[in-house]
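Here the structure comes first, spelled out in structure tokens, and everything after it is commentary.
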Amino acid sequence: MATLTEAPPPLSPTAPEKKPPRRRGRFTPYWLLLPGILWLLVFFALPMIYQASTSVQTGSLETGYKVTWHFATYWDALADYWPQFLRSILYAGAATILCLVLGYPLAYLIAFRAGRWRNLIMVLVIAPFFTSFLIRTLAWKTILADGGPVVGALNSLHVLDVTSWLGWTTGDRVLATPLAVVCGLTYNFLPFMILPLYTSLERIDGRLHEAAGDLYAKPVTTFRKVTFPLSMPGVVSGTLLTFIPAAGDYVNAELLGSTDTRMIGNVIQTQFLRILDYPTAAALSFILMAAILLMVTFYIRKSGTEDLV
Amino acid sequence: MALVNWLKRHFVVIAGLLTLGYLLLPNVVVTVFSFNKPKGRFNYEWQQFSTDAWKDPCGVADMCGSLSISLQIAFWATVGATVLGSMIAFALVRYRFRARGTVNSLIFLPMAMPEVVMAASLLTLFLNLGAQLGFWTILIAHIMFCLSFVVVAVKARVMSMDPRLEEAARDLYASPVQTFLRVTLPIAAPGIAAGALLSFALSFDDFIITNFNAGSTVTFPMFVWGSAQRGTPVQINVIGTTMFLVAVLLVLTSMVISNRRNKQKA
Amino acid sequence: MITVTNKNTETGGDVRLSGISKTYDNGFTAVQPLDLTVPQGSFFALLGASGCGKTTTLRMIAGLEEPTTGTVHLGDQEVTRLPPYKRPVNTVFQSYALFPHLDIFENVAFGLRRRGIKSVKKQVEDMLELVQLGEQARKKPHQLSGGQQQRVAVARALINTPKVLLLDEPLGALDLKLRRQMQLELKRIQTEVGITFVHVTHDQEEAMTMADTVAVMNAGRVEQLGSPTDLYENPNTTFVANFLGTSNLIEAEVDSRSGGEIVLKAGGGKLVLPEARYAGPTTTGGKVLVGVRPEKIALTHADEAGEIPVGRNRITGKIADSSFIGVSTQYVIDSPVCPEFEVYAQNIDRDDRLVPGAEVVLHWNPAHTFGLDADQDIDAGIQEEATV
Chain P
653 MATLTEAPPP
663 LSPTAPEKKP
673 PRRRGRFTPY
683 WLLLPGILWL
693 LVFFALPMIY
703 QASTSVQTGS
713 LETGYKVTWH
723 FATYWDALAD
733 YWPQFLRSIL
743 YAGAATILCL
753 VLGYPLAYLI
763 AFRAGRWRNL
773 IMVLVIAPFF
783 TSFLIRTLAW
793 KTILADGGPV
803 VGALNSLHVL
813 DVTSWLGWTT
823 GDRVLATPLA
833 VVCGLTYNFL
843 PFMILPLYTS
853 LERIDGRLHE
863 AAGDLYAKPV
873 TTFRKVTFPL
883 SMPGVVSGTL
893 LTFIPAAGDY
903 VNAELLGSTD
913 TRMIGNVIQT
923 QFLRILDYPT
933 AAALSFILMA
943 AILLMVTFYI
953 RKSGTEDLV
Chain G
225 MALVNWLKRH
235 FVVIAGLLTL
245 GYLLLPNVVV
255 TVFSFNKPKG
265 RFNYEWQQFS
275 TDAWKDPCGV
285 ADMCGSLSIS
295 LQIAFWATVG
305 ATVLGSMIAF
315 ALVRYRFRAR
325 GTVNSLIFLP
335 MAMPEVVMAA
345 SLLTLFLNLG
355 AQLGFWTILI
365 AHIMFCLSFV
375 VVAVKARVMS
385 MDPRLEEAAR
395 DLYASPVQTF
405 LRVTLPIAAP
415 GIAAGALLSF
425 ALSFDDFIIT
435 NFNAGSTVTF
445 PMFVWGSAQR
455 GTPVQINVIG
465 TTMFLVAVLL
475 VLTSMVISNR
485 RNKQKA
Chain F
31 MITVTNKNTE
41 TGGDVRLSGI
51 SKTYDNGFTA
61 VQPLDLTVPQ
71 GSFFALLGAS
81 GCGKTTTLRM
91 IAGLEEPTTG
101 TVHLGDQEVT
111 RLPPYKRPVN
121 TVFQSYALFP
131 HLDIFENVAF
141 GLRRRGIKSV
151 KKQVEDMLEL
161 VQLGEQARKK
171 PHQLSGGQQQ
181 RVAVARALIN
191 TPKVLLLDEP
201 LGALDLKLRR
211 QMQLELKRIQ
221 TEVGITFVHV
231 THDQEEAMTM
241 ADTVAVMNAG
251 RVEQLGSPTD
261 LYENPNTTFV
271 ANFLGTSNLI
281 EAEVDSRSGG
291 EIVLKAGGGK
301 LVLPEARYAG
311 PTTTGGKVLV
321 GVRPEKIALT
331 HADEAGEIPV
341 GRNRITGKIA
351 DSSFIGVSTQ
361 YVIDSPVCPE
371 FEVYAQNIDR
381 DDRLVPGAEV
391 VLHWNPAHTF
401 GLDADQDIDA
411 GIQEEATV
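Protein chains in written order, with the numbering used here: chain P, 653 to 961; chain G, 225 to 490; chain F, 31 to 418.
Here is the structure:
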């Protein structure tokens with residue numbers, strides 16, 4: 653993620669010696685920026701404007717759509733689909749927390765304990781990317797299949813009784829339940845958590861651990877007081893990189909879930925590609941965008957790290 | 225007590241390896257099931273060992289065609305995004321100019337946007353312009369969302385580069401063009417390569433944005449999606465396994481080569 | 031207007047800076063208008079604390095920084111607007127800036143290749159021999175030690191036989207012992223190749239060891255310029271007096287003048303200052319700062335005060351602190367005219383009574399006394415040296 657704020661150049665006497673070289677040619681940066689920025693303006697920013705206008709249009713496919721400033725579309729969309737919205741936030745939140753809990757030990761292992769295995773483990777974390785994520789998600793259908801070894805084990809340990817009682821699973825099934833969807837989301841976005849965590853952990857000087865130990869900190873205290881605070885930039889960007897795509901995802905809900913686990917992505921996709929109700933779809937994706945931007949801004953403010961990645 | 229202590233001491237290693245297992249389990253399943261001979265249309269339950277799919281990987285209608293389309297799109301999206309993104313990254317690091325904040329936000333936003341939002345809005349644009357959906361609209365979309373990632377990767381590399389290196393080159397009689405070709409570009413190369421690799425992976429594996437903007441063109445992820453509804457041929461697993469192995473082998477070979485090179489020189 | 035006149039009248043390779051200044055976009059003026067001539071074939075040092083404008087001056091000679099005003103001449107050629115790659119000037123950068131993606135051979139050959147010279151092998155090998163790195167030609171920079179990298183940086187610049195070689199804190203990253211060694215090495219190379227060296231450093235010892243001429247810079251101006259001995263013995267300002275070595279400065283008042291000597295009142299006593307060593311006004315009652323270097327002072331126990339020859343400047347005081355450092359003992363003396371008077375005494379015949387608390391008399395030959403204008407900050411230049 654790019655730096656959001658630009659610090660003004662320092663006015664200390666040493667500033668000139670550290671300044672980047674200034675080049676002749678005042679327009680060079682603009683020529684360098686032009687094609688890429690134009691691309692983003694036309695194919696990223698402009699579509700947003702089109703979508704904003706679509707969301708306040710009324711009409712039908714046959715008669716065509718007109719801008720009528722029909723803001724009621726937003727209220728109708730919210731009224732009809734708030735459960736899916738809520739579900740998206742809950743599932744994505746749960747998956748993000750799971751990713752953090754599962755990903756942190758692995759990132760820590762790679763950064764501090766892997767030794768000569770470090771590169772191999774890194775490769776193993778990244779390599780699954782190259783098998784299409786759809787294929788891998790389908791594999792979960794096999795893993796979590798009814799009557800399969802995983803479900804069997806969970807059943808005999810009475811885990812499923814608990815999760816059923818919590819409403820995460822239904823009866824003897826894991827597939828087509830919230831648990832399966834969250835499990836798929838967690839799996840799919842785990843590398844996005846591990847990589848930024850690893851990057852920020854790797855920057856930590858190993859001697860800090862020794863220093864903390866030397867100053868009477870137990871390993872757990874060292875982690876709580878030294879390692880974890882220093883890895884905060886990784887935690888923040890990791891949770892963002894996990895939560896944002898997870899909240900908009902519809903693949904996991906479609907492949908591993910049921911009609912009761914539909915997320916907002918599923919609704920937008922259906923409205924747009926099957927029902928062809930463009931205003932509702934546009935309004936929904938606008939609400940999703942606004943909600944996520946709001947949450948992200950709040951989160952970044954709260955965690956105090958405005959310079960990410 | 226000894227066991228508890230041992231578990232305590234190795235907690236991180238055990239937990240980390242369990243996570244690694246969780247990450248790799250689906251790939252193991254994909255590989256194992258590439259040797260399955262399923263009854264019926266879906267390849268979700270183990271029946272019996274067979275190498276049929278490996279002998280005839282393109283035996284499914286349209287699958288290899290979609291693979292070829294995906295590879296082409298990924299290639300061109302990588303080229304486009306890498307060139308445009310690197311240019312932006314150089315401008316951001318090496319020059320001072322107005323509207324820096326706006327440019328930074330424009331780079332940041334596509335990464336902070338759920339794919340489904342970008343997909344839907346881009347489709348709105350294409351529908352409004354009356355564009356023919358297909359190869360080109362997919363390519364446009366892929367370059368758009370890969371661009372930001374290239375900027376981030378290249379920017380990080382160029383930023384960590386000592387500006388004195390370029391000064392040294394100019395001091396040693398290299399013209400601005402020579403300085404760029406002989407010093408800046410080679411040193412930025414790892415960042416550019418990382419950005420390109422990421423672009424390729426993102427584009428090749430993209431489903432959501434492609435699904436919205438593909439029209440009747442079918443990429444490999446879309447083929448897999450369709451087959452999840454109609455029936456999953458074993459060949460999908462063959463392709464998945466092959467890509468995984470090729471990726472691991474490529475990375476390991478390059479690591480071994482660079483290791484050996486370092487040892488020879490040392 | 032400060033210039034060094036060359037002994038031989040030929041000025042074919044002199045570096046001449048005329049009215050050169052640099053003000054950055056943010057309004058910070060790094061270099062005030064400055065005139066400076068570096069004679070051909072000399073080893074010239076720009077000495078100052080960080081931020082004094084010495085590096086900016088160097089970068090303007092290299093062409094890496096465009097001067098706000100003024101001109102740069104190399105011999106008869108004006109190069110003010112010439113880009114760095116068209117100037118017959120090469121730089122040894124701070125932290126060397128060796129190209130990490132090229133091996134040592136290619137780093138050294140870089141300049142030759144850019145000028146379209148095809149057969150570089152012989153030249154590069156000779157150059158690597160000169161800096162004693164013949165064996166390392168195919169290694170990458172990160173595989174060399176700091177001292178070796180430093181020599182590669184020198185070789186890479188020297189191979190182009192520039193008119194002027196610019197060195198920007200070239201030894202800053204080395205440890206003390208290696209730095210001493212490289213100082214001699216650079217001096218040897220300079221004598222051997224006869225190229226003009228302009229050396230930027232914040233280390234006064236380094237500047238004095240290596241350079242024929244030193245320009246002391248402070249806040250964008252040249253405070254004083256001259257040979258190392260000249261600067262040390264006859265500082266013109268308190269900054270130079272404090273920045274180069276240590277000076278004891280005493281506030282005094284002119285009492286009378288006679289026979290080329292000025293008699294000054296300080297505290298209760300009198301001090302004599304040769305008229306030739308003070309440039310300021312000498313009206314009776316006028317203030318003068320009297321300076322003397324710590325190693326010029328002798329220390330005698332108060333009991334033997336009578337044995338001190340007449341005609342020497344003397345001050346009484348009490349030893350506040352002493353530290354034994356082998357070749358000498360450094361004393362800090364509390365005296366009514368100057369708190370914390372520093373004295374370095376050679377350990378030839380040690381007097382066991384000279385311990386903290388002892389009453390002593392400090393005395394020195396009046397010829398070693400210098401005078402400075404009293405309108406200056408008496409502590410200028412002290413802090414700067416302490417922080418580097």
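From the three backbone atoms N, C-alpha and C, an ideal C-beta is built for every residue, glycine too.
Let me see if you follow: with CB-CB separation under 7 Å, is residue i close to chain P or not?
i: residue 429/G; result: yes
i: residue 274/G; result: no
Determine the DSSP secondary structure at residue i, reduced to helix, strand or coil.
i: residue 56/F; result: coil
i: residue 954/P; result: helix
i: residue 247/F; result: strand
i: residue 103/F; result: strand
i: residue 395/G; result: helix
i: residue 340/G; result: helix
i: residue 408/F; result: coil
i: residue 331/F; result: strand
i: residue 395/F; result: coil
i: residue 76/F; result: strand
Could you tell me whether any Cβ in chain G is nearer than 7 Å to the Cβ of residue i?
i: residue 667/P; result: In this predicted model, residue 667/P has a pLDDT of only 36, less than 50, meaning its place in the structure is not dependable enough to derive any value.
i: residue 673/P; result: Below a pLDDT of 50, predicted positions are generally treated as unreliable, and residue 673/P, at 44, falls in that range; the measurement from the model is reported next regardless. By this cut-off, residue 673/P is an interface position.
i: residue 115/F; result: yes
i: residue 749/P; result: no
i: residue 618/P; result: Outside the displayed span of chain P (653 to 961) sits residue 618/P, for which this structure offers no information.
How big is the Cα-Cα spacing for residue i and residue j?
i: residue 401/G; j: residue 679/P; result: 16 Å
i: residue 673/P; j: residue 62/F; result: With a pLDDT of 44 at residue 673/P, under the threshold of 50, the modelled position of this residue cannot be trusted; read the value that follows with caution. Taking the straight line from one Cα to the other gives about 21 Å.
i: residue 399/F; j: residue 319/F; result: 10 Å
i: residue 163/F; j: residue 237/F; result: 26 Å
i: residue 849/P; j: residue 351/F; result: 54 Å
i: residue 443/G; j: residue 290/G; result: 5 Å
i: residue 353/F; j: residue 117/F; result: 51 Å
i: residue 749/P; j: residue 292/G; result: 38 Å
i: residue 278/G; j: residue 841/P; result: 30 Å
i: residue 232/F; j: residue 942/P; result: 55 Å
i: residue 158/F; j: residue 242/F; result: 26 Å
i: residue 111/F; j: residue 364/F; result: 56 Å
i: residue 944/P; j: residue 692/P; result: 20 Å
i: residue 280/G; j: residue 274/G; result: 12 Å
i: residue 267/G; j: residue 831/P; result: 22 Å
With a threshold of 7 Å between beta carbons, is residue i in contact with chain F?
i: residue 420/G; result: no
i: residue 392/G; result: yes
i: residue 398/G; result: yes
i: residue 319/G; result: no
i: residue 416/G; result: no
i: residue 389/G; result: yes
i: residue 481/G; result: no
i: residue 410/G; result: yes
i: residue 280/G; result: no
Of the residues the options, which one's Cα is nearest the Cα of residue i?
i: residue 66/F; options: 81/F, 53/F, 83/F and 255/F; result: 255/F
i: residue 88/F; options: 57/F, 45/F, 311/F and 407/F; result: 45/F
i: residue 755/P; options: 469/G, 453/G, 242/G and 474/G; result: 242/G
- prompt: In chain order, which beta strand (DSSP E) runs of at least 3 residues are fully inside the segment 251-325 of chain G?
  reply: none
- Which runs of the beta strand (DSSP E) fall wholly inside the segment 178-238 of chain F and span at least 3 residues, in chain order? 194-198 and 226-231
query: Taking only runs of the alpha helix (DSSP H) that begin and end inside the segment 793-850 of chain P, which ones reach a length of at least 4 residues, in chain order?
result: 801-808 and 811-818
Practice item. Ignoring anything shorter than 3 residues or poking outside the segment 386-436 of chain G, list the beta strand (DSSP E) runs there in chain order. Key: none
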